[in-house]
Structures are given as structure tokens and as C-alpha cells.
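Numbering (this note's numbering), first residue to last: 1 to 443.
Every residue gets a Cβ at the ideal spot worked out from N, C-alpha and C, and that includes glycine.
Quick notes on the structure that follows.
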């Protein structure tokens, strides 16, 4: 990776340089863009944080190759991952190898059994939209107008949480506390790990100032909540409840594998999988819908066009397949491309020495994926700085186009597991809100 990034320094690498420049520019992804220009490396930028070597794939070819090659399917074994996985390097999102394959396969199958992509998921979404509308209508009766984004925070989480832990009211209250704790913890890290991950020895020198003590306190509270929910399920478990929610299904598998000395189905693993659900299910969909509603206020003509498409469906809206509303679907895709809610995805880890766009990449390199750079590439999109949903429609405006270089939900083996729920949630909430309300900027 010579000449493909800045000179690094002993012990700290480029950590101080990256944090200071990011604070000045407004984000680490903007630093990567600056380095790509400065070091004339449009495909890949390399740097060090502490002792760990990082690369960022920036071009369409680099990002595509990272998604396609299994060499890039690993996850880092660093301090960030250790904290994120409660000292286990387990779960699904931040693990790899046989553990990842076994639990991703189990989780996908069990979620389908529990109703992912079926009528049960649809019913849960419709139930949540009714509650959402009730809260909106009540507030509007008092104030006359409001921004609905404040009510979105728990909507997608409620749906996912019901499938994972059931509809126990006490557990639902716990989920609200859990989300707040995890949001607080996320502030301490970015995808490249944060200063504490770059320089983990800081936790010994300045444990409070570095944020290490805070992370330990948050992790302790998170584990306490998750263990309480798991213990309640153990106590109530019977075999006929195995299809009631994900935790019961996991406990059933634990019992099926009793006596196997190498079983990975443990309470600790279940805790981290639950955290994967919470973090993956409570931020991206909510943020995407919030941006979608804001953008409708900015572009009233697009709002009218979407309303017209929805109005043609009539009273059968709740039964509508997204393909019957191509403009609405294209609009949500353009929201994902234009705003790039996660401008840099990852992190990944190279499982062996490899090459990327002509550069030699050593084994165990941490790999970040610059989705925003691809989504804003003028060669690929022509006018990427223009918000234009029609770019995802064919000439007739009736069929969706799926560009090769579109990564709203990732691609390949690491594609988002919750894509089915996310798409259904976004479609149902957006169409219902546009059908029943007018969104405009307050005078």
C-alpha cells in the first residue's frame, strides 16, 4: 500500500491526524475523500490507526470486488469488536468463519419460521402503523401540526422486538432502555473504531477520560437487561413455545445440542445476537424514513406524484406489493443513494493476503467500504448531486431498475439480514403517511 495514503507514525499511526481532520471537515468519510485526492489514489486509500492497518475501498471496482470476494468476509478482532460483542467476538454481525455461518443460517431460518416476510410480519407492521397514526392524530389535535419523525424511533424496533422476545409488556419497556444505552455507546465509536480502539492501552492510563469506564458501565447494564429477558424465557420455556419468538427458538436449539461439548448455542451468544437485532433494526430504517418524509416536504411535486400513484390503488393499499408502486419504490431507493445514511460500511477483515485494484493487501487488514463515493460517482450516475428518483425507473416509468453499483442494503454474503423487514416497513409507513397526511414545511 505504498503511496496510497498518508505517512503514519510510531504507536499512533494516523489516529490523531484522522480525528483532527475529521473534526474540521465534518466526518471521517470526508477525510478519506481528501486523502484519495491528495495521494492520487482514487480506488483505495490505506492508513494505520494505532498498530492496525486499514484500507478504504473508494471506487466502483474496489467496492464491487470487496463485496464479491470471500477474502473480505472476515471481521476485525480488535478492541472495538471486543466491546461491541461483550468480550465474546460472537453474535452474527461482528463474527466470521464457522460461527458466523452456523448462526446466520439458523437465524435466517428461524426468522422465516417466526413470520419474516409472511403475513405475520405484515400484521405486526400494520398494527404498528395504527399505533403510530393514533399518536400522530392525538398530537395534531392539540398542536395542529407536528413532525412525525419523533414517533418513528420505536416503530421498527417494536416489530422486530416482538419477533425476537415476544409481546411481553415488561420486555418491551426493557427494549426502550436498551436502545437508549446502545445509542449512548455508539457515540463512543465510529466504524474505524474510535480513539480507544486505535489506542486500547489508553484504558489503563486514563480509563475515565478515554471513555473506557463509561463503556464498561453501559455494557454491564446492557447485559443485565438481556440476561433478565433470557432468564425469563428459560423459566417459562416449553417445547410448544419454540415457534413463539426467537429466544424460545434459540433455547430449543440449546436443548437440542445439550451434551455437545463444542456447542455455540449459549446464553452469551444469544445476548450478542439480540444486540445485533437491536442495533441493526433500530437505526437505519428509522433514519431512512425520517429523511424520506423531510424530502417530501422539500419536493412537494414529488409528493403529489407519489400520492397520485398511491391514490390509484384505492382501499387495497394495505395489500399492495411494492412493485405496484414503482415511483414510491424508486423514491425510497433514491433516498438511500442520495443521503447515504452509512457513507462508509464495514468493517471487514482480510482472511488472507490478497490484491485490490493492483494494491497488495496483507492478511488481517481492516477493510472499510466507501458506499457514498460510489453512490456519488458522476461516471456511474451522471448527475449524482441531483435528487432524481426516476433514475431507478425504466423509460416507461413502470418498472424498477436495479443498478449494479447500488448498495443501500449491502451486497453479497454480508447483505443486511433484515432487508425484508426494512423494505416492508419503509413501504408501508411511507405509503400510509403520504395517503393520509400532507407533509410540508411549517410556515
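Handout entry: Pairwise C-alpha distance: residue 54 and residue 191
Key = Bear in mind that a pLDDT of 45 at residue 191, under 50, signals an unreliable position, so the number given afterwards is only what the model happens to contain. Their backbone Cα atoms lie some 11 Å apart in a straight line.
Handout entry: Proximity below 8 Å, CB of residue 345 to CB of residue 369
Key = Taking 8 Å as the cut-off, the beta carbon of residue 345 is found closer than this to the beta carbon of residue 369.
Exercise for the section: Have a look at residue 306 and residue 434 and give me their C-alpha separation to the nearest angstrom. Expected result: 8 Å
Exercise for the section: Starting from the Cα of residue 414, find the closest Cα among 197, 328, 201, 92 and give me that residue. Expected result: Nearest of 197, 328, 201, 92 to residue 414, Cα basis: 92.
Handout entry: Residues that DSSP places opposite residue 361 in a beta bridge
Key = 354
Practice task
State yes or no: is the C-beta of residue 326 within less than 8 Å of the C-beta of residue 423?
Solution key: no
Practice task
Quick one: grab the DSSP three-state call for residue 13.
Solution key: strand
Handout entry: One or two residues paired with residue 345 in a DSSP bridge
Key = 369
Problem - Assigned secondary structure, residue 192 (DSSP; H/G/I helix, E/B strand, else coil) - result: Below a pLDDT of 50, predicted positions are generally treated as unreliable, and residue 192, at 46, falls in that range; the measurement from the model is reported next regardless. Reduced to three states, the DSSP call for residue 192 is coil.
Practice task
Enumerate in chain order the residues of its own chain whose CB-to-CB distance from residue 455 is below 7 Å, with the five nearest sequence positions on each side excluded.
Solution key: Since the first and last residues shown for the chain are 1 and 443, residue 455 lies out of range.
Problem - Any alpha helix (DSSP H) of 4 or more consecutive residues that is wholly inside the stretch 28 to 54 - result: Correct list: 28 to 38.
Exercise for the section: Measure the alpha-carbon distance for residue 21 versus residue 197 and round it to whole angstroms. Expected result: 18 Å
Exercise for the section: Could you check the C-alpha separation between residue 217 and residue 224 for me, to the nearest Å? Expected result: Residue 217 and residue 224: Cα-Cα distance of roughly 11 Å.
Handout entry: 7 Å CB neighbourhood of residue 265 in its chain, flanking five on each side removed
Key = So the list reads 250, 253, 254, 257, once near-sequence residues are dropped.
Problem - Pick from 99, 122, 59, 31 that is closest to residue 14, judged by C-alpha positions - result: 31
Practice task
Return the CA-CA distance between residue 284 and residue 332, expressed in angstroms with no decimal places.
Solution key: 13 Å
Practice task
Starting from residue 393, follow its DSSP beta bridges and name the residues at the other end.
Solution key: 400
Practice task
Just the C-alpha distance for residue 128 and residue 65, rounded to the nearest angstrom, thanks.
Solution key: 39 Å
Exercise for the section: Report yes if the C-beta distance between residue 420 and residue 116 is below 8 Å; otherwise report no. Expected result: Yes.
Problem - N- and C-terminal bounds of the alpha helix (DSSP H) containing residue 157 - result: 155 to 165
Handout entry: residue 379 - DSSP class collapsed to helix/strand/coil
Key = Of the three classes helix, strand and coil, the one that applies to residue 379 here is helix, per DSSP.
Practice task
May I ask you to report which of helix, strand or coil DSSP gives residue 287?
Solution key: Reduced to three states, the DSSP call for residue 287 is helix.
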